[in-house]
Every structure is written in C-alpha cells, then in structure tokens.
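**Q**
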Amino acid sequence: MKTTVLTVSQVNFFIKSLLEGDGRLQSVLVSGELSNFTDHYRSGHLYFSLKDSKSVLKGVMFASAARRLQFHPKDGMKVLIRGRVSVYEPSGQYQLYAEDMQPEGVGALSLAFEQLKEKLAQEGLFSPEHKKPIPPFPERIGVITSPTGAAVRDILQITARRWPLAQIVFAPVLVQGDQAAGQIAEALREMDRKKACDVVIVGRGGGSLEDLWAFNQEEVARAVFDCHIPVVSAVGHETDYTICDFVADLRAPTPSAAAELCTPEEREQRAQLLAYHRYFHEEAGNFVEYLRQSVDILVESSPLGSPQSLLEQRKENLRDLSGRMQETVQRRLTERKKEFEAAVGQLHALSPLGVLARGYAVVSDGKGRVLKSAGEISPGEMVHIRLQEGGLTAQVIEGQVEPHGKMEV
Numbered sequence: 001m002k003t004t005v006l007t008v009s010q011v012n013f014f015i016k017s018l019l020e021g022d023g024r025l026q027s028v029l030v031s032g033e034l035s036n037f038t039d040h041y042r043s044g045h046l047y048f049s050l051k052d053s054k055s056v057l058k059g060v061m062f063a064s065a066a067r068r069l070q071f072h073p074k075d076g077m078k079v080l081i082r083g084r085v086s087v088y089e090p091s092g093q094y095q096l097y098a099e100d101m102q103p104e105g106v107g108a109l110s111l112a113f114e115q116l117k118e119k120l121a122q123e124g125l126f127s128p129e130h131k132k133p134i135p136p137f138p139e140r141i142g143v144i145t146s147p148t149g150a151a152v153r154d155i156l157q158i159t160a161r162r163w164p165l166a167q168i169v170f171a172p173v174l175v176q177g178d179q180a181a182g183q184i185a186e187a188l189r190e191m192d193r194k195k196a197c198d199v200v201i202v203g204r205g206g207g208s209l210e211d212l213w214a215f216n217q218e219e220v221a222r223a224v225f226d227c228h229i230p231v232v233s234a235v236g237h238e239t240d241y242t243i244c245d246f247v248a249d250l251r252a253p254t255p256s257a258a259a260e261l262c263t264p265e266e267r268e269q270r271a272q273l274l275a276y277h278r279y280f281h282e283e284a285g286n287f288v289e290y291l292r293q294s295v296d297i298l299v300e301s302s303p304l305g306s307p308q309s310l311l312e313q314r315k316e317n318l319r320d321l322s323g324r325m326q327e328t329v330q331r332r333l334t335e336r337k338k339e340f341e342a343a344v345g346q347l348h349a350l351s352p353l354g355v356l357a358r359g360y361a362v363v364s365d366g367k368g369r370v371l372k373s374a375g376e377i378s379p380g381e382m383v384h385i386r387l388q389e390g391g392l393t394a395q396v397i398e399g400q401v402e403p404h405g406k407m408e409v
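If you're matching positions, the sequence shown starts at 1 in the UniProt record's numbering and goes up one per residue.
1. Counting only the same chain and skipping the five closest in sequence on each side, list residues whose C-beta sits under 6 angstroms from that of residue 92.
2. Could you give the distance in angstroms between the alpha-carbon of residue 73 and the alpha-carbon of residue 146?
3. Are at least three pairs of beta-carbons, each pair with one atom in the stretch 230 to 239 and one in the stretch 194 to 214, less than 8 angstroms apart?
4. Can you give me the Cβ contacts of residue 100 inside the same chain, cut-off strictly under 6 angstroms, excluding the 5 residues immediately before and after it?
5. Could you round the C-beta distance between residue 391 and residue 385 to whole angstroms and report it? I think they count as a contact, below 8 angstroms.
6. Give the C-beta separation of residue 221 and residue 120 to the nearest angstrom, bearing in mind that I take them to be a contact with Cβ-Cβ under 8 angstroms.
7. Using a 10 Å radius around the Cβ and a threshold of 16 neighbouring Cβ atoms, would you call residue 242 buried or exposed?
8. Note down the Cα distance separating residue 393 from residue 399, rounded to an integer number of angstroms.
9. Quick one: what does DSSP say residue 407 is sitting in, helix, strand or coil?
10. Along the beta strand (DSSP E) that carries residue 76, what are the first and last residues, could you check?
11. Please go through the same chain and pick out, in chain order, the residues whose beta-carbon is closer than 8 angstroms to the beta-carbon of residue 15, but skip the five residues on each side of it.
12. May I ask you to verify whether the stretch 212 to 229 touches the stretch 186 to 193, counting CB pairs closer than 8 angstroms and requiring at least 3?
13. Name the two residues that bound the continuous beta strand (DSSP E) containing residue 372.
14. From what residue to what residue does the beta strand (DSSP E) around residue 166 run?
15. Would you report the Cα separation of residue 182 and residue 135, rounded to the nearest angstrom?
16. Just the C-alpha distance for residue 368 and residue 387, rounded to the nearest angstrom, thanks.
17. Does the Cβ-Cβ distance between residue 71 and residue 112 come in under 8 angstroms?
18. In its own chain, which residues sit with a C-beta less than 8 angstroms from the C-beta of residue 68, not counting the 5 before and 5 after it?
19. When the Cα atoms are used, what is the spatial distance from residue 336 to residue 322?
20. Mind the definition here: the stretch 284 to 292 touches the stretch 259 to 274 only if three or more C-beta pairs lie below 8 angstroms; say whether that holds.
21. Specify, as a first and last residue, the run of the beta strand (DSSP E) that residue 32 falls within.
22. Within a Cβ cutoff of 6 angstroms, which residues of the same chain sit near residue 65, ignoring the five residues on either side of it in sequence?
23. Please return the same chain residues whose Cβ sits closer than 6 angstroms to the Cβ of residue 215, not counting the five positions on each side in sequence.
24. Specify, as a first and last residue, the run of the beta strand (DSSP E) that residue 240 falls within.
25. Mind pulling the alpha helix (DSSP H) runs of 4 or more residues that sit fully within the stretch 205 to 263?
26. When we look at the beta-carbon of residue 406 and count the other beta-carbons within 10 Å, is it buried (16 or more) or exposed?
27. Please report the straight-line C-alpha distance between residue 294 and residue 284, rounded to a whole angstrom.
28. According to DSSP, which residues form a beta bridge with residue 281?
29. So what does DSSP say about residue 398, is it helix, strand or coil?
30. Do the CB positions of residue 85 and residue 96 come within less than 8 angstroms of each other?
31. According to DSSP, simplified to helix, strand and coil, what is residue 98?
32. For my contact list, residue 196 and residue 173 are in at a C-beta cut-off of 8 angstroms; report their separation, rounded to the angstrom.
33. Is residue 383 near residue 362, with beta carbons less than 8 angstroms apart?
34. Give the secondary structure of residue 53 by DSSP, where H, G and I count as helix, E and B as strand, and everything else as coil.
Written out as structure tokens, the structure is:
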C-alpha cells in the first residue's frame, strides 16, 4: 500500500473540513468562564479562552458581532456563547467563533446597566455637587421626546394649565431603537449651544428595559452631564430607573410629574401675590399713620407748636450775642491801643527829637550835612544849630578836636 504524504496545510485544511462538515458544530451553545480576555481596540475583535474545571477552549468574536454586545465582557465572567467550531488554519488550532454572548445568571442589558452605572459613578457624574437648581419661574421649557408619544401631550397640557406663561421649545426625537441615543444626545447639545431654554425635560413613557435602553447609553449620560441648562429626566414609570435619571439634575417619576416639577401653579402664585399686596398695603398704611402721629407729637412738644415763642427766644439769643460781641471788640481795641502807645513811647525814646529835649543840639553845615566832628568844618564857615525849639545860624570862629573824639567850639 502506497502511503500518501500530506503537507501541514493539507492536514489543517482536512481537519477544518471535517469540523465544518459536521452540522452539529456549526451552531453550538457553550457555557464557561472567560479568561485571557483581550479587547483588540484597533480591529474591534475580541479574543478569549472559555474554560471549566477540566478544559479550556480558545475563542474569538469578530468586530461585527462584538459591536452588538450590550455589556463589557471581562475575565472571570460566566457566559453563554452561541457560535461555531472551526480550525484556524495558519496555527492549526481549533477554536470557537462566537456570534453572540450572554452573561449567565443575569441579562446582558442588566449587566451593561450596572457596569455603566459603576463606571460613571466613579467618574463623579452622579455627584450632588454637580446638580444644578431648577429655575422656579421658567420662561422657556425645553422638551426632548417622541412627537407621537403620550409624554409630550401630557407635558404640554400640564404646562398650559399650571404655567401658561412658559414657552415650550420642542425637539422631536426617537426614544427607542439604535438611532435613539444619538438623536437624544444631539438634541441636548443643540439646546445647550443655542441656550434655547431655562430648563429641559428629556424622557418618554414607560416600557420594557429594552424600550428604555436609549436612556442607558453612555452618549446620552455624558450629554446630560455636559449640558449647562438644568436637565430633568422623566423616563418611564415611577419604578423605572435609567442612567439618565442618575446623571440629570432632577429625576421625575413620570413625564407628567416632570412638567409639574418645572412649573409653578399660576393660581397659587396669583393668590400669593395678592396676599403680599394686601400685606404691604396694610404695612404701608400703618407706617404712614405712625409717621403722622410722630409729626403731631413733635409739633406739639417742640417750638413748632408756638413759633412766636421760638422767635422771641432767637431774638434774645441774638441780643446776647450782639452784647458779647461789642464787649469783645471794645476789649480788643483797648488792648491794641495800649500796645500802640507803648510802641510810640519806645519810638519816641529813640527819636532825635527826644535827645534835643534833653538839652542837646544838632549842628549841620551850609549843605545840611550833620557834623559829627569839629574837623569837618573850617573857621569862618556858617553852620546851622537845631535846638528843641527853633534853631540858630552861626559862624565858626574856632574849632578844636579833643582827644577821643571830644571837641569844643
């Protein structure tokens, strides 16, 4: 018997053909625990091992199938995988090609909800310090919901009844399906960019977890968190909770409740304003009466009550001030007169006339020059002699200069 020699590729191809030819291996459900999980972020493919207590099976999920997953697989997670068994020819390794994956013991959506909730909570998107207050008297209320659902009708009716002054800014979107999350997030971003309203209500009526899933998407959660306008989440019924509820500034159990939380009751506000009006009117009247009585008391107990008495008092004060002013002026004049006389006396004592009064005389030559020495005049010249009373004109006969400046004429 002749032995056939096969190449490695032929062997691997033959084994692959055997496996893929067995219809039982083309659609299998395999349960196990994930390990060695790798998310190849560039290609989007997922690589993993599926193991139990005795064996390990290699597996791969291509990007086209991985994109449909509602949760994030990770090591240690028990899962149920639907797929086919085949051989990867280049390595000769058989493996499980996964087409769908579900967590065991809990639904994929519930697990995805908890995973995203934990992630966003750690980032602080649910923190109370990020919550913005809802304006008490909004002029414009944004509404993001389906144009055909009951939610928008309920919001419009309740707003018109409670606070008709508000304008509704409506952004119609899909609220379920693959495109819903993107439309809701874009509507929020657009309202925020245009500052279209004072508060925005985003939500829809009740439904299953799958129906409400758009409001559990990370894209919607981040759009709500980034919105500068206060956001009220109104998704489903009172018992329904979504990621949007946790991120929003206020959670309303229903769309109708959201409309009530965002609007004051006009009748109550009118009644309160009327009560304030009456209160302030009464207080103003009481205050005016108090002032009137105070003026009356002041008039009766002050000079305003008898102006003639006030005038007499002022006249008396004026006379007193006038007398004191005259006394002060007279005293000041007397003091200044004494000071002046003393100064005159001092000047008189220093005056040449005072010296003449004591018997001295002033001699000057014909030119009026006062002579201080006998040597300043020659015999025969005429001199003028000034006395205290009158004067003399004389001719110098002889002059003599005495030692130490003394002379004799």
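Each residue gets a CB set at the ideal place from its N, CA and C atoms; glycine is no exception.
**A** According to the structure data:
1. 12
2. 33 angstroms
3. yes
4. 82
5. 6 angstroms
6. 6 angstroms
7. buried
8. 16 angstroms
9. No answer about residue 407 holds up, because its pLDDT of 43 lies below 50 and its placement is not dependable.
10. Premise fails: residue 76 is in no beta strand (DSSP E) and is neither H nor E.
11. 87, 92, 94
12. yes
13. First-last for residue 372: undefined, no H or E at that position.
14. Segment: none, residue 166 is in no beta strand (DSSP E) and carries neither H nor E.
15. 27 angstroms
16. 15 angstroms
17. yes
18. 100
19. 21 angstroms
20. no
21. 28 to 39
22. 99
23. 235, 242, 244
24. Unbroken run through residue 240: none, as it is neither H nor E.
25. 218 to 226, 243 to 247, 255 to 262
26. Note on residue 406: pLDDT 45, under 50, position unreliable in the model; no value is reported.
27. 15 angstroms
28. Partner(s): none; residue 281 has no beta bridge.
29. coil
30. yes
31. strand
32. Rounded, the Cβ-Cβ distance is 14 angstroms, inconsistent with contact.
33. no
34. coil
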